[in-house]
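Letter 102 of the sequence shown, counting from 1, is numbered 101 in numbering that gives the first Met the number 0, and no numbers are missing.
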Amino acid sequence: MPKILSISPDLAIASGRAKLLSGLGVQATSVKSMRAALTALRAGVDSGNPYDLLVVDLEEDEDRRTGLDLCVEIAGFEKPPLRLLLFWPEEAERSARALTEGKVNATLCRRDGWRQFRPTVAQLLGLTPG
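In structure tokens form, the structure reads like this:
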């Protein structure tokens, strides 16, 4: 069963993501900060059961770290590389586009693209959207 780690300090967003992922046959875990995500990612690697997909926003968490900061920090520490799905608000388009310039390999999804979320996750994990 594919494992997904979702980061959002906003409970409503985390709940919405979990609802959209239900029925895909995935194990979804949600954390509130980049620090907690890094801990969970390392624990998964250390246990031999790494996450398959990281879903993250470009917004800052309580430590003033963004999803981009985390993506750059974890790039390359997982083998095979972790798939990344990055949500970005319209006003952060420049930061999101910087990802396509070689910093990290991520699939981008605009935050207003909730209809695209479930099919994009399914495609990234090789699942049937259902």
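We put the beta carbon where it would ideally sit given N, CA and C, even for glycine.
Measuring alpha carbon to alpha carbon, tell me which of Q122, I73, W113 ends up nearest V44. I73
Can you give me the C-alpha to C-alpha distance between K2 and P128, rounded to a whole angstrom? 16 angstroms
Please list the segments of the beta strand (DSSP E) lying wholly inside the segment 29–59, counting only runs of 3 or more residues, in order along the chain. Unbroken beta strand (DSSP E) runs of no fewer than 3 residues, entirely contained in the segment 29–59, are found at 52–56, following chain order.
Taking all protein chains shown into account, do 16 or more other C-beta atoms lie within 10 angstroms of the C-beta of T38, making it buried, or fewer, making it exposed? exposed
So is D51 buried or exposed if we call it buried at 16+ other beta carbons inside 10 Å? buried
R64 by DSSP, collapsed to three states: which one? Note: R64 maps to coil in three-state DSSP.
So L83 and A36 are supposed to be a Cβ contact under 8 angstroms. How far apart are they, rounded? Not quite, the Cβ-Cβ distance comes to about 11 angstroms (not below 8 angstroms), so this is no contact.
Unbroken beta strand (DSSP E) run spanning L4, endpoints: 2–6
Run through the DSSP bridge pairs and tell me what A27 is partnered with. I3
Cα-Cα separation, S14 to N48: Taken atom to atom, the span from the alpha-carbon of S14 to that of N48 is near 24 angstroms.
Give the single residue among R114, L19, S5 whose Cα lies nearest to the Cα of L40. S5
Which of helix, strand or coil DSSP assigns to T119: helix
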